Amino acid sequence: DLTINKIAAGEVVERPSSVVKELLENAIDSGATQVVVDITDGGKKCIKISDNGSGILSSEVEKCFLRHATSKIKEIDDLYDLYSLGFRGEALASISAVSNIEMITKTKEEVIGTKIVLSGSKIIKKEPIGTKDGTTITVKDLFFNTPVRAKFLKSTHAETINISDLINKLAIGNPGVRIKYINNKKLMLNTPGDNKLINVIRSIYGKEITDNLIEIDYEDEKIKIYGYIGNNNIYRSNKNLQHVYINKRYVRSKVILDAINESYKSIIPINKFGVCFLNITINPSEIDVNIHPTKLEVKFQDEKDVYIKIRDIVKNKLLNISL
Ligand code: ADP
Ligand code: MG
10 DLTINKIAAG EVVERPSSVV KELLENAIDS GATQVVVDIT DGGKKCIKIS DNGSGILSSE
70 VEKCFLRHAT SKIKEIDDLY DLYSLGFRGE ALASISAVSN IEMITKTKEE VIGTKIVLSG
130 SKIIKKEPIG TKDGTTITVK DLFFNTPVRA KFLKSTHAET INISDLINKL AIGNPGVRIK
190 YINNKKLMLN TPGDNKLINV IRSIYGKEIT DNLIEIDYED EKIKIYGYIG NNNIYRSNKN
250 LQHVYINKRY VRSKVILDAI NESYKSIIPI NKFGVCFLNI TINPSEIDVN IHPTKLEVKF
310 QDEKDVYIKI RDIVKNKLLN ISL
């Protein structure tokens, strides 16, 4: 039902950056090694994302735009499995309810690709088209049919900042994917996609940051922690350089950030907010995930254990270099 789609769209699609997030996550989920994000006017006019991933079979293309028809959740247990980024099966349905979409896609198995055009959930056209393997999806005129929402969009500048921030986060979480980001024809980011976290960080924040990072590589039977923390040459008075990922998903974890900030406070007091880029891998059964699409919180079964572990690892690393 189109009205339900339009209402539910509000859950997933708040602003252009939420569209970029869902589309980029889909591209990454499809196994792409290269993704190009091309934005016009802060995403208000146009968001175009192309990937070299799996593509979608012509016979499956319509289904992608149906609510819950395609969810990557097969069983309820999967709800706790964060390894797959997309897990709700409603992003494309929601986005297509409030925009004009064109998707061009082809799988390796097919000789010819498929082009589908939708406007406000309605399929306008579907036809075969010659194209390369992978998917290109173009979302135009976001909220064209929900004027109230359109009115509440922020300035192009503000939306652009949101999108850039989001792309940076996804790039850091996926160093194996080459992400090229173009905004109003200007190249904003081009990560190497060589699976080296340090190289992604360098392409976003520059050498001044990467020259002052300390590698962390820890593993025990419960948790794996890989990434970087800042040494005492990086002073930060805000949280901009605190990136924590759990099972590839960007999170704001109070426990982890508290543990990191605590270590810094005890060793480099001037650094209120410890710089960190940490990828944490933990068995999904050890965490409770808030399933709401836009929530970034995560809760550990054994919070104290995680806190102490992170605090001590970071502390030891900082001591090694500052003594
Ligand atoms: P979810 O990602 O939760 O399954 P979405 O609405 O985001 O739901 O996507 C619906 C489906 O469309 C996906 O499950 C996937 O099968 C397909 N799909 C979407 N984008 C892509 C893409 N870039 N490449 C391949 N398949 C895609
Ligand atoms: Mg998805």
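According to the UniProt record's numbering, the sequence shown is numbered sequentially starting from 10.
Using N, Cα and C, we set each Cβ at its ideal position, and we do this for glycine too.
Model, not experiment: these values are computed from the prediction.
Check: Look up leucine 228 in the DSSP assignment and give the residues it is bridged to.; Outcome: The sequence given here has glutamate at residue 228, not leucine. Answer is Lys233.
Check: Does tyrosine 244 come out as helix, strand or coil in the three-state DSSP assignment?; Outcome: coil
Check: CA-CA distance, tyrosine 89 and isoleucine 289?; Outcome: Summary for tyrosine 89: the model assigns pLDDT 43, below 50, so the residue's position carries little reliability, and this model does not support an answer.
Check: Between which two residues does the beta strand (DSSP E) containing leucine 250 stretch?; Outcome: Neither: leucine 250 is in no beta strand (DSSP E) and is coded neither H nor E.
Check: Quick check on the burial criterion: 16 or more other C-beta atoms within 10 angstroms. Buried or exposed for methionine 112?; Outcome: buried
Check: What do you get for aspartate 229, buried or exposed, if any count of 16 or more other CB atoms within 10 angstroms of its CB means buried?; Outcome: exposed
Check: Assuming glycine 143 contacts aspartate 60 under a Cβ cut-off of 8 angstroms, what Cβ separation, rounded to an integer in Å, is found between them?; Outcome: 5 angstroms
Check: Relative to the ligand ADP, is the shortest distance from any of its heavy atoms to the C-beta of alanine 106 smaller than 7 angstroms?; Outcome: no
Check: Can the beta-carbon of lysine 281 be found less than 8 angstroms from the beta-carbon of serine 246?; Outcome: yes
Check: Leaving out five residues before and five after valine 28 in sequence, what residues of the same chain have Cβ atoms less than 7 angstroms from its Cβ?; Outcome: Val22, Gly52, Ile56, Ile104, Val148, Leu151
Check: With C-beta atoms as the reference, is isoleucine 176 less than 8 angstroms away from leucine 33?; Outcome: yes
Check: When the distance is taken between beta carbons, is threonine 145 closer than 8 angstroms to isoleucine 65?; Outcome: no
Check: Here's a check: name, in chain order, each residue in its chain whose Cβ is nearer than 7 angstroms to the Cβ of isoleucine 276, leaving out the five neighbours to either side.; Outcome: Lys324, Leu327, Leu328, Ser331
Check: Pull the bridge partners of glycine 143 from the DSSP assignment, please.; Outcome: Lys115
Check: Once DSSP output is grouped into helix, strand and coil, what is the label at glycine 51?; Outcome: helix
Check: By a C-beta neighbour count over all protein chains shown, 10 Å radius and 16 as the cutoff for buried, is glycine 120 buried or exposed?; Outcome: According to the sequence displayed, residue 120 carries valine and not glycine. With fewer than 16 other Cβ atoms within 10 Å, it is exposed.
Check: With which residues is proline 137 paired in a DSSP beta bridge?; Outcome: Thr123
Check: Taking the straight line between their C-alpha atoms, what separation do you get for isoleucine 188 and lysine 216?; Outcome: 19 angstroms
Check: Between isoleucine 296 and lysine 308, which are expected to be in contact by the criterion C-beta below 8 angstroms, what is the C-beta distance as a whole number of angstroms?; Outcome: 6 angstroms
Check: Based on Cα-Cα distance, which residue from Thr114, Asn154, Ile172 lies nearest to leucine 198?; Outcome: Ile172
Check: Just grab the DSSP bridge partners of lysine 310 for me.; Outcome: Note on identity: in this sequence residue 310 is glutamine, with lysine being the wrong assignment. In the DSSP output, where bridge partners are listed per residue, glutamine 310 has none listed.
Check: Sorted by chain position, which residues of the same chain lie with C-beta nearer than 6 angstroms to isoleucine 319's C-beta, five sequence neighbours on each side aside?; Outcome: Ile265, Ala268
Check: Can you name, in chain order, every residue of its own chain whose Cβ lies under 7 angstroms from the Cβ of alanine 180, other than the five neighbours on each side?; Outcome: Ile188, Leu198, Thr200, Val209, Ile213
Check: Beta carbon of tyrosine 235, beta carbon of glycine 182: below 8 angstroms?; Outcome: no
Check: Report the residue from Thr42, Val284, Lys54 whose alpha carbon sits nearest the alpha carbon of residue 359.; Outcome: Because the chain spans 10 through 332 in this model, residue 359 falls outside it and cannot be assessed.
Check: Could you give the distance in angstroms between the alpha-carbon of aspartate 203 and the alpha-carbon of proline 184?; Outcome: 7 angstroms
Check: Helix, strand or coil: which one does DSSP assign to valine 29?; Outcome: helix
Check: Work out the CA separation of glycine 239 and threonine 123 for me, nearest whole Å.; Outcome: 47 angstroms
Check: According to the Cβ coordinates, are residue 384 and isoleucine 225 closer than 8 angstroms?; Outcome: Residue 384 lies beyond the residue range present for the chain, which begins at 10 and ends at 332; the question has no answer from this structure.
Check: Provide the residue span of the beta strand (DSSP E) that contains asparagine 292, from first to last.; Outcome: Per DSSP, asparagine 292 belongs to no beta strand (DSSP E) and is neither H nor E.
Check: With a 10 Å radius around its C-beta and 16 neighbouring C-beta atoms as the bar for buried, classify serine 294 as buried or exposed.; Outcome: exposed
Check: Mind checking arginine 24: buried by the 16 CB within 10 Å criterion, or exposed?; Outcome: buried
Check: Can you tell me whether valine 46 is helix, strand or coil according to DSSP?; Outcome: strand
Check: With a threshold of 16 other CB atoms inside 10 Å of the CB of alanine 100, please say whether the residue is buried or exposed.; Outcome: buried
Check: Is serine 294 near the ligand ADP, in the sense that its beta carbon is under 7 angstroms from a heavy atom of that ligand?; Outcome: no
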